[in-house]
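Chains as they are written, first to last, in my numbering: chain A, 179 to 489; chain B, 949 to 1037.
Data block below; observations after.
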Amino acid sequence: MARPHIEPYVELDTPYKKFDVKGFKGSSYKVLSLDTDTGACTLKVRFDGGYKRKPGLSYSDMEIFVLNGKLKVGKQTWVEGHYAFVPAGTALGAIEVPQGAEAIVMFNDSEPGFVESGRDHPLTLSEAYTSVNSYEDRPWGPGNLVSPSVASGCMIKVLHYDPITEALSFLYCMTPQFSQDNISYHDSAEESYHIWGTSWMMQFGELPTGGYFWRPPYINHGAFKCKYGTIAFGRTDSVLFNYFHFNPWTNPDENKRRAAAFLYRKRPQLYNWVESDGHNHPHGPPDFENPDYVDDPQVRMLHGKQVGSKR
Amino acid sequence: MAKRVQDQKPARPADAKAWLKENIAEQKKRHAAIQKEMNEDIAAQREKWYAEFLQTIQTKGFNVTGDVRRVIKPSEVPKKPKRPDKVVF
C-alpha cells in the first residue's frame, strides 16, 4: 500500500525523535505520514540551534515549509512561512540554523536521504526549483481556482504546481465563521497541516493547531465549519476536482463509481475510447506534448509503480 | 525511456532500512488507533452531526458550488444504509 489514511492526527503531544540519518544529525523529527513502499514521507522536523549541514542533494523531490525560526540556506535566509520545492538532484547550499527552527519537510519519492555535493546532479529538473516566502510574497486568491468551488471565505495561495500531474502545494485559510454545507471528495490524495487555528469536518470533528491529515482519494470529508479562522499548508498529489454531494454514508468505491459516471456523462468520447478493447493502455497512452510523461516519478507513484531503488 | 534522478538512487543503506522499519511499525499502530477512534468511539456523535447536516440542507440549502445553494427536498434526503458507517480506511 502507499500512505494509509491518517486523519486526524494531532502531533503536538507526540515527542520528537532523534533524527539519526545522514544529513539530519542534530535535528529531531515526527512522522506525519509515510509511504510504506517507497519511503516517501511528510515529517515535522525540529532543527536544534547549532545545526549545520554541508551543501548536498537528495534523490527525491523535497518540499519544506518553515513553521518558525530561521535557517540559513546557502545565500538565502528562510524564516517562518518560507516554502521551497527542491527537485531531486538539485544541490542545496550549506544549511545553518543558529537558534533553532521547525519545519514541515516532505520527501515525495523515497525516504529521507542526503548526499554531500556542491553541484547539481546532471539529470535534475532544476527549473522546477521554487523558493518563496509564502506569507509575504504571494497574494491570497479566492478558492474558486477550481470549479465546483469552495464557499467564500476559503482562500488559497498556490506555492507549487506540477504541470504533468497538476499536483498542488498551497497555503489556505478559512475566515472566522466559515461554513460550507456539502460533502466533498477528490480523485487526488489530499494532505494538510494546521499552522494555526481549528476547523471542523463532519466525519472527523475538530482539527486544531498542529492537526494533520493525509487522505487518500475518494474519501468523504465535510461539511465544514471554522469558528475563529485557520491557516494551513496543504497539498494534493494530482489534479484537485471537488465532487460535492449530500449523502454522508457513501463509501470510496461508490464515490469512485460516481466520479466515473461524471466522466461518462461529460467526456463521452474519451470514456468510450478508454474503456474500449485495446485502448486500456496499462502504461498510459501516448501524449504528443509530453512524450516522456510515463517516466515521470510522480506519475509512476500515482500508478503504484516502482520509483528509485527497491527495499 | 527518459532518465530521471530518482532512478539513479543508490540502494537503500542499512540505516535507512532500519529507519523505515521502525517508522512503518509506529505508523501502523497510529493508523489503527485513529481508525478505532474515528470509526467506533465517535460514531454516535457523528450520527448527530449527520442528522444536523441533513436538516441544514433542507432549510439553508446544500452548497452546489461556491455560495450557490440548493434546498434539498425531503424526498431527496438519503437514507442510512444497514452497513456500519466508516470514515477512516
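Every residue gets a Cβ at the ideal spot worked out from N, C-alpha and C, and that includes glycine.
Starting from P475(A), follow the beta strand (DSSP E) in both directions and report where the run begins and ends. Per DSSP, P475(A) is not a residue of any beta strand (DSSP E); the alpha helix (DSSP H) it occupies stretches across 475-480.
Burial state of A182(A) (16 or more Cβ within 10 Å): Residue 182(A) is actually Pro in this sequence, not Ala. Classification of P182(A): buried, given that the 10 Å Cβ count is 16 or more.
How about E988(B): is its C-beta nearer than 8 Å to some C-beta of chain A? By this cut-off, E988(B) is not an interface position.
On the CB-based measure, 16 or more other CB atoms within 10 Å of its CB, does Q355(A) come out buried or exposed? Q355(A) is exposed by the Cβ-count criterion.
Element boundaries [alpha helix (DSSP H), containing I1020(B)]: Unbroken run through I1020(B): none, as it is neither H nor E.
Cβ-Cβ distance between S416(A) and A345(A) below 8 Å: Going by C-beta atoms, S416(A) is nearer than 8 Å to A345(A).
Between the CA atoms of V209(A) and Q975(B) - distance to the nearest angstrom: Between Q975(B) and V209(A), the C-alpha separation is close to 8 Å.
So, does the segment 191-211 of chain A touch the segment 280-293 of chain A, judging by three or more C-beta pairs under 8 Å? Taking 8 Å as the limit for Cβ pairs, the verdict is that the segment 280-293 of chain A does touch the segment 191-211 of chain A.
Per DSSP, P320(A) forms a beta bridge with which residues? Residue pairing of P320(A) in beta bridges, as defined by DSSP: M333(A).
Starting from Q254(A), trace the beta strand (DSSP E) in both directions and tell me its first and last residue. 254-256 is the span of the beta strand (DSSP E), which, as asked, contains Q254(A).
Cβ of K984(B) within 8 Å of any chain A Cβ: When Cβ-Cβ separations below 8 Å define contact, K984(B) makes no contact with chain A.
Top-ranked residue by Cα proximity to A999(B), from W427(A), Q254(A), E241(A): Closest option to A999(B), judged by alpha-carbon separation, among W427(A), Q254(A), E241(A): W427(A).
Okay, do the segment 384-392 of chain A and the segment 990-1008 of chain B touch, 3+ Cβ pairs below 8 Å being the bar? No, because fewer than three Cβ pairs between the segment 384-392 of chain A and the segment 990-1008 of chain B fall closer than 8 Å, the two stretches do not touch.
Would you identify the three-state DSSP class for K488(A), choosing helix, strand or coil? Its pLDDT being 48, under 50, K488(A) is placed unreliably by the model, and the measurement read from it follows with that caveat. Correct three-state label for K488(A): coil.
Is it the case that the Cβ atoms of L212(A) and N971(B) are separated by a distance below 8 Å? Yes.
Expressed to the nearest angstrom, what Euclidean distance is found between the alpha-carbon atoms of R978(B) and N429(A)? For R978(B) and N429(A), the gap between their C-alpha atoms comes out near 22 Å.
Continuous beta strand (DSSP E) stretch holding E241(A): start and end: Its beta strand (DSSP E) spans residues 240-247.
Buried or exposed (CB count within 10 angstroms, at least 16 for buried), S288(A): So S288(A) counts as buried.
Min CB distance K957(B) to chain A below 8 Å: K957(B) counts as touching chain A.
Within 8 Å (strictly less), CB to CB, does E289(A) reach chain B? It does: the Cβ of E289(A) has a partner Cβ on chain B nearer than 8 Å.
Please state the DSSP three-state secondary structure of E289(A). Correct three-state label for E289(A): coil.
How would you label P394(A), buried or exposed, when you count the other beta carbons within 10 angstroms and need 16 or more for buried? With 16 or more other CB atoms across the displayed protein chains lying within 10 angstroms of its CB, P394(A) is buried.
Just how far apart, CA to CA, sit P958(B) and V1016(B)? Between the C-alpha atoms of P958(B) and V1016(B) there is a straight-line separation of about 53 Å.
With 16 as the cutoff for other CB atoms within 10 Å, does Y442(A) come out buried or exposed? Exposed, by the Cβ-count rule.
Count the other CB atoms, across all protein chains shown, that sit within 10 Å of the CB of A950(B); report buried if there are 16 or more and exposed otherwise. Flag for A950(B) reads exposed.
Please list, in chain order, the chain B residues whose beta carbon lies closer than 7 Å to that of G267(A). Those within 7 Å of G267(A) in chain B are V953.
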